[in-house]
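Structure, as structure tokens:
Residue numbers (this note's numbering): 21 to 156.
Written as structure tokens, this is what we have:
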């Protein structure tokens, strides 16, 4: 498991890249608590959204390109309500979920997991504000 600084730097950079690739103005931010991982350890999490929704196909293509993921790496689900979800999940806990509904486009993320015996303060590792993001 990597340390908190490494996993925070990765998830912040990946989400910034995803938001930039999709474009537009974003609302959201980072959770100021850590979350437990299913197999031990903890992780950072964040949530970002924009309204109105962006084009589904363009958003999906942008997030795939920004995360460097191919078809094998992501799972795409079309919901009965017409929304689309695209999920990238790795074994180390890193996760990005793109959801596009009629009303909004959202990105939900968790970092890779770090050791359970490390108890970091998320404010020491995650940005208080980010460019082009309005706090929810």
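Where a beta carbon is used, it is the ideal one built from N, C-alpha and C, also for glycine.
{"Check": "Opposing strand residues paired with residue 65 [DSSP bridges]", "Outcome": "130"}
{"Check": "For residue 27, three-class secondary structure by DSSP", "Outcome": "helix"}
{"Check": "Beta-carbon proximity of residue 108 to residue 48, cut-off 9 Å", "Outcome": "no"}
{"Check": "Residues sharing a beta bridge with residue 96, DSSP", "Outcome": "106"}
{"Check": "Expected contact under 8 Å - CB spacing of residue 76 and residue 120 to nearest Å", "Outcome": "5 Å"}
{"Check": "Assigned exposure category for residue 56 - 16 Cβ within 10 Å defines buried", "Outcome": "exposed"}
{"Check": "Given 8 Å, three or more beta-carbon pairs between the stretch 142 to 154 and the stretch 34 to 51", "Outcome": "yes"}
{"Check": "Given residue 50 as reference, the closest of 58, 36, 41 and 40 once Cα atoms are compared", "Outcome": "36"}
{"Check": "Alpha-carbon to alpha-carbon, residue 132 and residue 144", "Outcome": "17 Å"}
{"Check": "Rounded separation between residue 102 and residue 84 - CA only", "Outcome": "20 Å"}
{"Check": "Presumed contact (8 Å Cβ cut-off) between residue 125 and residue 79, rounded CB distance", "Outcome": "5 Å"}
{"Check": "Proximity to residue 224 [Cα-Cα], best of 40, 63, 72 and 146", "Outcome": "The structure shown does not extend to residue 224, since the chain spans only 21 to 156, so no value can be given for it."}
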